[in-house]
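Undergrad: Each residue of the sequence shown is one higher than the one before, counting from 1 in UniProt numbering. We put the CB at the ideal spot given by N, CA and C, even for glycine.
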Amino acid sequence: MSSLLPDFPWDTIASVKAKAAAHPGGIVDLSVGTPVDPVDPLIRAALSSVAEVPGYPTTHGTPELRQAAVDAMKRRFGITGVDPAAVLPVIGTKELIAGLPRLLGLGAEDLVVIPEVAYPTYEVGALLSGSRIIRADGLTQLGPEKPALIYLNSPSNPTGKVLGVEHLRKVVEFARERGAIVASDECYLGLTWEGRAVSILDPEVSDGDHTGLLAIHSLSKTSNLASYRAGFVTGDPELVAELLEVRKHSGMMLPFPIQAAMTAALGDDTHESQQRERYRARREVLRNALLQAGFRIDDSEAGLYLWSTRGEPCRTTLDWLAERGILAAPGEFYGPRGNQHVRIALTATDERIAVAAERLTS
Ligand SMILES: Cc1ncc(COP(=O)(O)O)c(C=O)c1O
C-alpha cells in the first residue's frame with residue numbers, strides 16, 4: 001500500500017535541518033505545528049481522575065463528551081442545531097482524514113476534491129481509497145465533474161487563508177446540486193487573528209440544514225492536546241451514524257481517559273483563550289521580524305502559520321533561513337502551487353520566537 005503514497009516529505013529536509021541545528025545559538029524549529037505549551041492542569045486532572053477505569057470505552061464516546069462538544073461549538077463559534085448523537089470522537093483528526101474516503105465507501109469511480117495548497121493527508125486518504133483527486137480552489141475548475149467528496153480547510157494549513165460565508169455557501173449549494181459530501185476541516189477555527197472564520201455548519205452557511213456536511217474539529221492546537229490524540233467529527237446525522245457503524249466494527253475508539261480529558265477541555269474556554277493569546281503574541285513578533293527581513297506574508301489571517309515568500313524557489317528560502325539557524329517547511333510539501341513559499345509555524349516557546357526574530361532582523 002505504501003507504494004501508492006508520496007514519499008514522506010519530511011525526509012527531504014534532513015540536510016537543511018542539520019544545517020540549522022549547527023547554528024551556535026541552537027536551532028529554532030518552526031517547521032512543524034506541534035504544541036510546546038503544557039497541557040492545562042484542569043485537563044490533566046480529568047485524565048487522571050478516571051485512570052483506574054478498566055473497561056472498554058464506547059466508539060461513540062460518553063454522553064458527557066458529546067454534549068460538551070455541542071456546547072463548545074455553540075459557545076465558541078455560534079454553531080447551533082447539532083444533536084449530541086451526531087458527534088463522533090476520533091483518535092486525532094489525522095486518522096479520520098486519512099481514512100474518511102474509505103470509510104465512506106469511495107473507490108476508483110469517485111473523485112475527491114482537495115485544496116490546491118493543502119494539508120497532505122487529504123491526498124493520502126484519497127489515494128488509500130483508490131479515488132481520483134483534483135486540486136481545486138474554485139468550483140469552475142471542476143467543469144461538469146460530480147465529485148463524491150469535497151475537502152475544505154478554512155482557516156487553511158498552510159496558508160492561513162479564511163473562506164468567507166459567501167464562498168462557503170456556494171460550495172454547499174454546488175455540493176447539494178451534484179450529490180457531493182463536504183468535509184470541512186476546522187482544526188484552526190479557534191485561532192483567527194483578522195476577520196472572522198465560520199464553520200460549514202454555521203446557520204449563515206448551512207441555513208440550519210447539515211445534510212451532506214461534515215465538520216472536523218481537533219483539540220490538538222486549541223487545547224495543546226496533540227499528544228493525547230483528541231478530535232471529533234460532526235454534522236449530517238446520517239453520515240455520522242454511518243461512520244460510527246464502520247468505526248465500531250474496526251475498534252476505532254478513543255481511550256476512556258482521553259474522553260474525560262476532552263470533555264474537560266471542551267467545557268473550559270479559559271485555557272483555550274489563554275493559548276490563543278500566547279500564539280497571538282508570538283505571531284506579532286515573528287510577523288514583524290519577517291517583514292523587516294524583506295519577506296512578503298500572504299493570507300495568514302488565521303491559524304498557526306505565516307505563509308511567507310521572498311519571491312524565489314522555496315528551497316532557496318529554506319537555505320537562507322537555515323543559515324540563521326531557523327527551520328521552516330517548504331511550501332511545495334503542500335502542493336505544486338506552494339513552491340515559492342515557506343510555512344513558518346508559531347508553535348515555539350516565547351524564547352525561541354524571540355531568538356528567531358533577533359536573527360531575522362540583525
Ligand atoms: C489542517 C489540519 N487538519 C488536521 C490536522 C491533524 O490534527 P490532529 O490529528 O492532531 O487532530 C492538522 C495537524 O496539523 C492540520 O493542520
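Between the C-alpha atoms of residue 387 and Glu358, what's the straight-line distance to the nearest angstrom?
TA: Nothing can be reported for residue 387, as the shown portion of the chain is limited to 1 through 362.
Undergrad: Would you say Asp185 touches ligand 1, meaning its beta carbon is less than 8 Å from a heavy atom?
TA: yes
Undergrad: May I ask you to report which of helix, strand or coil DSSP gives Arg296?
TA: strand
Undergrad: Three-state secondary structure (DSSP) at Tyr119?
TA: coil
Undergrad: Do Ala98 and Ile114 come within 9 Å of each other at the CB atom, strictly closer than that value?
TA: In this structure, Ala98 does not lie closer than 9 Å to Ile114 by Cβ.
Undergrad: With a threshold of 6 Å on Cβ separation, who are the neighbours of Ile344 within its own chain once the five nearest residues in sequence on each side are excluded?
TA: Leu30, Leu306, Ser308, Ala328
Undergrad: What first and last residue would you give for the beta strand (DSSP E) that runs through His217?
TA: 213-218
Undergrad: Taking the alpha-carbon of Val82 as reference, which of Asp207, Arg278, Val53 has the nearest alpha-carbon?
TA: Asp207
Undergrad: Taking Arg135 as part of the alpha helix (DSSP H), name the residues at either end of that continuous run.
TA: Unbroken run through Arg135 is the beta strand (DSSP E), 132-135; no alpha helix (DSSP H).
Undergrad: Below 8 Å, is the gap between the Cβ of Lys221 and the nearest heavy atom of ligand 1?
TA: Lys221 Cβ: within cutoff of ligand 1.
Undergrad: Please list the terminal residues of the continuous beta strand (DSSP E) segment that includes Ala183.
TA: 181-185
Undergrad: Please return the same chain residues whose Cβ sits closer than 6 Å to the Cβ of Ser131, not counting the five positions on each side in sequence.
TA: Pro101, Leu106, Asp110, Val112
Undergrad: How many Å lie between Arg276 and Ala175 at the Cα?
TA: 33 Å
Undergrad: Assign Val53 to buried or exposed, taking buried as 16 or more other Cβ atoms, counted over all protein chains shown, within 10 Å of its Cβ.
TA: exposed
Undergrad: Might you give, ordered along the chain, the residues of its own chain that have their beta carbon closer than 6 Å to the beta carbon of Ala72, omitting 5 neighbours on each side?
TA: Leu266
Undergrad: Starting from Arg337, follow the alpha helix (DSSP H) in both directions and report where the run begins and ends.
TA: Unbroken run through Arg337: none, as it is neither H nor E.
Undergrad: Is the CB-CB distance between Tyr279 and Thr347 below 9 Å?
TA: yes
Undergrad: When the Cα of Gly335 is compared with those of Glu123, Gly61, Ala45, which residue comes out closest?
TA: Glu123
Undergrad: Just the C-alpha distance for Val162 and Thr140, rounded to the nearest angstrom, thanks.
TA: Each residue's Cα considered, the two are about 19 Å apart.
Undergrad: Taking buried to mean at least 16 other C-beta atoms within 10 Å of its own C-beta, is Ala20 buried or exposed?
TA: buried
Undergrad: Any heavy atom of ligand 1 within a distance shorter than 8 Å of the CB on Asn288?
TA: Asn288: no, Cβ never under 8 Å from ligand 1.
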